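K.L.:
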Amino acid sequence: MGAPKETLGFQAEVKQLLQLMIHSLYSNKEIFLRELVSNASDACDKLRFEALNNNGLYGDDSELKIRLSFDKAARTLTISDNGIGLSREEAVAHLGTIAKSGTKEFFASLSGDAQKDAHLIGQFGVGFYSAFIVADKVTVISRRAGLEHNQAVKWESEGAGDYSVEMVEKAGRGTDVILHLKDGEDDFLNAWKLKSIIRKYSDHITLPIVMKAEKWDEEKKEQVATDEDETVNQANALWARPKSEITEEQYQEFYKHVAHDFENPLGWIHAKVEGKQEYTQLLYIPARAPFDLWDRNARHGVKLYVKRVFIMDDAEQLMPLYMRFVRGVVDSADLPLNVSREILQQSKDIETIRGGCVKKVLSLLEGMADSDDAAEKEKYAGFWKEFGNVLKEGVGEDFANKERIAKLLRFASTHHDTTEQNVSLADYVSRMKEGQEKIYYVTAETFLAAKNSPHLEIFRKKGIEVLLLSDRVDEWVVGHLTEFDGKPLQSVAKGGLDLGKLEDEAEKKEQEKEAGEYKELTDRVKQALEARVKDVRITHRLTDSPSCLVSDEHDLSGNLARMLKAAGQKAPEVKPILEINPHHPAVQRLKYEEARFDDWANLLFEQAQLAEGGQLEDPAGFVKRINDLMLALSLGGK
């Protein structure tokens, strides 16, 4: 019989999740049945896929199905399938742990608020564990396809701190999930109730979901089971039906099936493409981001079918990485059934389907973003809040659609005193000053650092809008998006400031005059800071601050250099340019300073570093310098 019975402890996160499931989803108990039926459907799909290369896995049982049965006397409900099944190792790995990134972030987000927690569970995806909403003990008996009848595994738990596993016998392959129902859950021992739940949540499952048919027993005065099977669901692919025959509720329930989500999607596209390639796509935009969204190596959410036969789960070749939030199904009429091998070779047919899917998703997003309907615009705002930073990656990854993606981007700006990213590049261009030729932006590590950047002072004075970019991905965006609508994007912290027609001749002459008057001072400051700066010059950017740091036009920005360093990557050593404000009292004092000139020069540099969010190499030296200068001033020193 193999290994003896063992009792093992749950992964810590599973314990927390089980408690959450039991206490937070009481308002929608029946959801557990949808999850367990979806898992059974996935198991059958996986058997179909593996059997493409090994037809012997079917044995003498090639008719895949899902069965529901219940025992009123024992108070058990059983969901069975004849899919791929589990080995002992798979049972421990899949049912005793949560092998998903973002686990810690998930539990850090929990508040104890039932509605919020249930909503978070939807983001996380719980599947099997939802059984404990209605059961105080769950038994799983499973035999993997290809294993002998005495190599089945029995997994059992009461949803507390541990579970047991042992090897048992099972006649056929597949999995039986047996729920020992809690007191008060007798509704789920009723055939009519179970059928209504299946038709509500799982009607679209492509496999037959069967139960024993019932008939009226006059003697017992109740419905009793017969020996005949009855198929409860329609058992045809929802995406293959005409759109006119599918209700909004059916679309939403199918999304919850493919995405294992509790919430309705934000929107969807259902289209049949005909021509050189014939395929059907049913793609969804979720309402909320999963916790592993920022794991670019995580599996993705589009399933590939060929002629309604499941081929591949999470087929990453069907969607680019910057659209890893998309969920749904693509069903091709033309691809060969062994397409899984061809996908790895980047077949041209798959590339065509991928390109079509990307265009449809972009069209859906454009429809929301450009709509005159306030509700649709609100949907896009919700999408951007959840997935905007991921979509931004497409600017550098998808050259063919870069312009379309650029129109969908949203940013914070000095036009609105809020952290909300609601300004499109088209909005910005429509508000540009007469004579303005560039789209100005500033990058920083935080919104407040961007909003309060000294580089913005001249722009505020002249009423010129500046985009405030504080997301990590923004440096990537501006590195690849150099212009929009014929207007170049320009960092306010790079290169020499040239406002073009926004400056009058008098201003330009005054700037030239000041540069000459302070030439001796800038030379002295440069000499004092020779090891720290590339150059020192008079600024035209500042109105209130004494100094700021800028990068040369083609050098890395200070923000990008800091990001690379924080990520452990080696960035080229590039010295910044120090610009000083000739109108500031500190700079005017420096012009006549002799004894403490180097200290004042270093102070101007270090203040500028701090103002743009940089870190000082010698914080203790900075504090000592400040204290010495303050003491000298208080004693009337020079």
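Counting along the sequence shown from 1, when you hit position 141 you're at 464 in the working numbering, and nothing is skipped either side. In this text, a Cβ means the ideal position worked out from N, Cα and C, and glycines have one as well. No experiment lies behind these values; they were computed from the predicted model shown.
How about the stretch 773-785 and the stretch 721-731: do they share at least three Cβ pairs that are nearer than 8 Å?
P.N.:
Counting Cβ pairs under 8 Å, fewer than three are found: no touch.
K.L.:
On the CB-based measure, 16 or more other CB atoms within 10 Å of its CB, does N378 come out buried or exposed?
P.N.:
Under this definition N378 is an exposed residue.
K.L.:
Check whether the Cβ atoms of G705 and H583 lie closer than 8 Å to each other.
P.N.:
Their beta carbons are not under 8 Å apart, which means G705 does not touch H583 by this criterion.
K.L.:
Would you mind reading off the limits of the alpha helix (DSSP H) that contains K730?
P.N.:
Looking at the DSSP string, the run of the alpha helix (DSSP H) that includes K730 is 725-731.
K.L.:
Do S814 and Y751 have their C-beta atoms closer together than 8 Å?
P.N.:
Not a contact, by the Cβ cut-off of 8 Å.
K.L.:
Please identify the residue among K849, Q546, I528 whose C-alpha is closest to the C-alpha of E576.
P.N.:
Measuring from the Cα of E576, the nearest candidate turns out to be I528.
K.L.:
Taking Cβ positions, are P899 and V946 nearer each other than 8 Å?
P.N.:
In this structure, V946 does not lie closer than 8 Å to P899 by Cβ.
K.L.:
Quick check on R860: does DSSP put it in helix, strand or coil?
P.N.:
It is a strand residue.
K.L.:
Run the CB neighbour count on R864, radius 10 Å, all protein chains shown included, and call it buried at 16 or more, exposed below.
P.N.:
Buried: at least 16 other Cβ atoms inside 10 Å.
K.L.:
On a Cα-Cα basis, can you pick out the residue from M642, Q600, P565 that is closest to I608?
P.N.:
I608 has its Cα closest to that of M642, out of M642, Q600, P565.
K.L.:
Quick check on Y349: buried or exposed, where buried means 16 or more other Cβ atoms within 10 Å of its Cβ?
P.N.:
Low confidence applies here, because Y349 scores a pLDDT of 47, under 50, leaving its location unreliable; read the following figure in that light. That one is exposed.
K.L.:
What residue range does the beta strand (DSSP E) around R466 cover?
P.N.:
Residues 458-466.
K.L.:
Quick one: is Q744 buried, meaning 16 or more other Cβ sit within 10 Å of its Cβ, or exposed?
P.N.:
Looking at its Cβ environment, which holds 16 or more other Cβ atoms inside 10 Å, Q744 is buried.
K.L.:
By Cβ distance, which residues of its chain are closer than 6 Å to D552, with the 5 residues on each side in sequence left out?
P.N.:
For D552, where only same-chain residues beyond five positions count, the Cβ hits under 6 Å are V533.
K.L.:
Using a Cβ-Cβ cut-off of 7 Å (strictly less than) and excluding sequence neighbours within five positions of I676, which residues of its own chain qualify?
P.N.:
Hits under 7 Å: Q600, Y602, L641, V653, S655.
K.L.:
Look up D510 in the DSSP assignment and say whether it is helix, strand or coil.
P.N.:
D510: helix per DSSP, three-state reduction.
K.L.:
Between the C-alpha atoms of L387 and G495, what's the straight-line distance to the nearest angstrom?
P.N.:
Their Cα atoms are separated by approximately 12 Å.
K.L.:
When DSSP labels each residue in this structure, what does A396 get in the three-state scheme?
P.N.:
It is coil, neither helix nor strand.
K.L.:
So for F333, helix, strand or coil by DSSP?
P.N.:
In the structure shown, F333 sits in coil (DSSP, three-state: anything other than H, G, I, E or B).
K.L.:
Taking the C-alpha atoms as reference points, what is the distance between L616 and E826?
P.N.:
The alpha-carbon atoms of L616 and E826 are separated by roughly 45 Å.
K.L.:
In or out: Q850 buried (at least 16 other Cβ within 10 Å) or exposed?
P.N.:
The residue is exposed, with fewer than 16 neighbouring Cβ atoms inside 10 Å.
K.L.:
Roughly how many angstroms separate the alpha carbons of I354 and K516, rounded to a whole number?
P.N.:
C-alpha separation (whole angstroms): 13 Å.
K.L.:
When the Cα atoms are used, what is the spatial distance from T286 to N925?
P.N.:
Because the chain spans 324 through 961 in this model, residue 286 falls outside it and cannot be assessed.
K.L.:
From the DSSP output, read off the bridge partner residues of C871.
P.N.:
DSSP, once it has assigned bridges, lists E902 as partnering C871.
K.L.:
With C-beta atoms as the reference, is M691 less than 8 Å away from G590?
P.N.:
Closer than 8 Å, so yes.
K.L.:
Can you tell me the Cβ-Cβ gap for S874 and A931, rounded? I've got them flagged as a contact below 8 Å.
P.N.:
Actually they do not touch by this definition, with Cβ atoms about 12 Å apart.
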